[in-house]
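J.: Heads up: take any position in the sequence shown, counting from 1, add 4, and you land on my numbering. Glycine is no exception: its CB is placed at the ideal position from the N, C-alpha and C atoms. What follows is a structure written as structure tokens; I'll ask about it next.
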Amino acid sequence: ARSVGDITSSYEIEHASAYTMNHGCWYNAHMPARSFVFQSKLTTILSHSVISTDLADGDELWNMTLGEGLTDKDNCWEYFF
5 ARSVGDITSS YEIEHASAYT MNHGCWYNAH MPARSFVFQS KLTTILSHSV ISTDLADGDE
65 LWNMTLGEGL TDKDNCWEYF F
């Protein structure tokens, strides 16, 4: 775990790997980065995905990706556009 002063990270939440960013088929919209905590559940929003994580153990509870199931390769966009 990394630390800054008295702050130590407990979990890392990966929204997309370098491989999927470069080789995936992405929808042509994205969301600004945001984080919310409700009842010890962290919800992070980053670009094309939303992930809910249990802060007690770091387990992913659910995730959603814009354009999930997008198969029309003619309508694929790069991750960063």
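What residues in its chain sit with their C-beta under 6 Å from that of Ile-11, if we drop five residues either side in the sequence?
T.: Result list for Ile-11: empty, nothing under 6 Å.
J.: Mind checking whether Met-35 and Ile-55 have CB atoms under 9 Å apart?
T.: No. Outside cutoff.
J.: Looking at C-alpha atoms only, which residue of Ser-39, Leu-46, Ala-33 is the closest neighbour of Glu-64?
T.: Cα-wise, what sits closest to Glu-64 is Leu-46.
J.: In this structure, how does DSSP classify Asn-32 when only helix, strand and coil are distinguished?
T.: Correct three-state label for Asn-32: coil.
J.: Inspect the beta-carbon positions of Trp-81 and Tyr-23 and report whether they are closer than 9 Å.
T.: In this structure, Tyr-23 does not lie closer than 9 Å to Trp-81 by Cβ.
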